[in-house]
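Following: one structure in structure tokens, then a few remarks.
In this note's numbering, the protein residues as written are 4 to 292.
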């Protein structure tokens, strides 16, 4: 099975719209993963029918047994995150602030503090018209995003069977979620935009992706909004030996597609034409002609 992740160095470049377009253009038996678990929205384009829902338990959270607590205050003193407070004549843990470091369990003389599992989100496995979709929803303020991405990919690999293509909608940036997404992929499509910040963040995400030995492709979304910067992006990619496989123009039809919760490739418009040409280049590079 070939695996490709659509990623970006910054948010708002249009990678989810492009992922949805690829899903309609790719041939064969497909499976999908929404690895942008902090803001998962690929499901909006597919209207999936959820088959299974699992709780996701990330970092543990501290808990204080009031029957054992002698109110020495060690836990509050040593908690560098300010997660333990004294109020109403007792110490309590704020689960939003607790980072699960467990130092409070080490300094408690009566073993009143312990670490408990907490549900930090949910993992879904769904059915769509184009193939199975693994996705998740992280609770606001919860950590371990990279671990949740790995769990989403695990669900895909467990159930992919003999399907021949995985398309993952990745997160923006270069942190743990991006690293978890790119791990094990054959290729990445980096979506950028013609802006100074877009070029800057493209360079950063290219450096990260190269550590994983994946094929790298670049798509410039809304390239005609600032063609001088788009030219600088193409010059950078040429110097780095990275193929620019897509030059997608700004197209008001894309906004209409988003409002209608449909892939833009269902419309007859310049953006859809550019996306079809882009997929042909990617498919050829992946040996899927």
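Virtual Cβ for every residue (Gly too), placed ideally from N, Cα, C.
Along the length of the segment 17-48, whole alpha helix (DSSP H) runs at least 4 residues long occupy 18-28, reported in chain order. About 24 Å separates the Cβ atoms of residue 223 and residue 35, ruling out a contact at the 8 Å cut-off. Residue pairing of residue 219 in beta bridges, as defined by DSSP: 191. In this structure, residue 5 sits away from residue 181, with a CB-CB distance that is not shorter than 7 Å. Taken in chain order, the unbroken stretches of alpha helix (DSSP H) that lie wholly in the segment 245-282 and span 4 residues or more are 255-263.
The beta-carbon distance between residue 215 and residue 186, rounded to whole angstroms, is 6 Å. This is short enough to meet the 8 Å contact definition. Rounded to whole angstroms, residue 213 and residue 193 show a C-alpha spacing of 12 Å. Residue 130 and residue 228 have their alpha carbons spaced roughly 37 Å apart. Under the three-state reduction of DSSP output, residue 129 falls in the strand class. Per DSSP, the unbroken alpha helix (DSSP H) holding residue 156 starts and ends at 148-162. Under DSSP, residue 117 shares a beta bridge with 66. Each residue's CA atom was taken as its position, placing residue 137 and residue 49 some 12 Å apart. Collapsing the DSSP output to three states places residue 238 in a helix.
If you compare the alpha carbons of 93, 63, 279 with that of residue 28, the shortest gap goes to 279. For the 7 Å CB-CB criterion, residue 172 and residue 45 form a contact.
Checking the DSSP bridge columns, you'll see residue 89 partnered with 94.
For residue 182, the uninterrupted alpha helix (DSSP H) segment begins and ends at 179-185.
The C-beta of residue 255 has fewer than 16 other C-beta atoms within 10 Å across all chains shown, which makes the residue exposed.
Straight through space, the alpha carbons of residue 269 and residue 275 are spaced by roughly 8 Å. When the Cα atoms are used, residue 78 and residue 118 turn out to be separated by approximately 13 Å.
Nearest to residue 38 by alpha-carbon distance, out of 126, 260, 55, 206, is 126. Here DSSP, grouped into helix, strand and coil, assigns residue 141 to strand. For residue 205, the enclosing alpha helix (DSSP H) covers residues 199-212. A direct Cα-to-Cα measurement between residue 263 and residue 178 gives close to 32 Å. CA-to-CA, the gap between residue 230 and residue 251 works out to about 12 Å. Per DSSP, the unbroken alpha helix (DSSP H) holding residue 81 starts and ends at 77-81.
In this structure, residue 202 lies near residue 236, with their beta-carbon atoms less than 7 Å apart. Annotation: residue 99 is outside any alpha helix (DSSP H) and is labelled neither H nor E by DSSP. Residue pairing by DSSP leaves residue 230 without any beta bridge partner.
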